[in-house]
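Colleague: Take this structure first; my questions come after.
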Amino acid sequence: MLVPAEKTVKLQLEKRLEEERIKEEKMHEVLLLLDNLVEREEATVKDVLNRLYDVGSINIINKKVRFRPMNRLLKMIARLSKPAFRAVAWRWFKRNGPQLITRWLRTKVSF
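Written as structure tokens, this is what we have:
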């Protein structure tokens, strides 16, 4: 037979386990919602990826290459490689983006 203190501890443990299960369920729902959002807003996600590529490629070329003629040449090459980046980035984001965003959001609500 359990002593009242042991009963209280057992009830508290059960309550915490239930809260943890509910939190995990809610975070899974967030993941599903983000998956759905990515599917519905494909064009928007692709536009965001395009702009990130534009800014990132310019920044990295400007940072790494100071020689002006080479800098211009590399920027043209970066523009030509954009369609390949777009295809790879979309597949990668579709597979990994919602999970990464969910993990990041989890860190924002954890104290």
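Taken in order, the sequence shown gives residues 1 to 111; the numbers are from the numbering used here.
Ideal Cβ positions, reconstructed from N, Cα and C, are used throughout, including at glycine.
#1: Roughly how many whole angstroms lie between the Cα atoms of GLU41 and ARG16?
#2: Round the Cβ separation of LEU49 and ARG79 to the nearest angstrom and send it over; I've been treating them as touching at under 8 Å.
#3: Measuring CB atoms only, is the segment 29-37 touching the segment 88-106, in the sense that at least three cross pairs come out at less than 8 Å?
#4: Out of curiosity, what's the CA-to-CA distance linking SER110 and GLU14?
Modeller: Taking the structure as given:
#1: Using only the alpha carbons, I get a separation of about 37 Å.
#2: Cβ atoms of LEU49 and ARG79 stay farther apart than 8 Å, at about 15 Å.
#3: Result yes; three or more Cβ-Cβ pairs closer than 8 Å.
#4: Spanning the two alpha carbons is a distance of roughly 21 Å.
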